[in-house]
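For the sequence shown, position 73 (counting from the first letter as 1) is numbered 73 according to the UniProt record's numbering, and the numbering increases by one without interruption.
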Amino acid sequence: MFFASSISSAYLELQTVRQREKMGIKVNERLEEMIEEGCETPKHRDCRIPMASVCPPPPRKKPIYGKKRDPPTNGYFQPPDLELLFAIAPRREACV
């Protein structure tokens, strides 16, 4: 019984190999045809982009957000040592 099952599996494998070879030949032939023909744009009416019946509206202006703020009623905070932060340090002379 084992012998019969191995023969049937070998036969099925041989069938699939033959089918693959046939398909491989068909696929290769089709690829060669496609390469020779080149790429083409579909020309069927269903494949075309429909013509616009009405023009789209013009773009709208962006809304202006926010408004200019008034300065604070008490004034801005002015720290006493703010000028020291921006003061330029004197350059050091090179030793001769």
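Yeah, the Cβ is synthetic: ideal placement off N, Cα and C, and Gly gets one too.
*Uninterrupted beta strand (DSSP E) stretches inside the stretch 33-86 (no shorter than 3 residues)*: none
*asked:* According to DSSP, is E93 part of a helix, a strand, or is it coil?
replied: coil
_R60 versus R48: straight-line alpha-carbon distance, rounded_ = 30 Å
*Chain-order list of residues whose beta-carbon lies under 7 Å from that of L84 (same chain, five-residue window excluded)*: none
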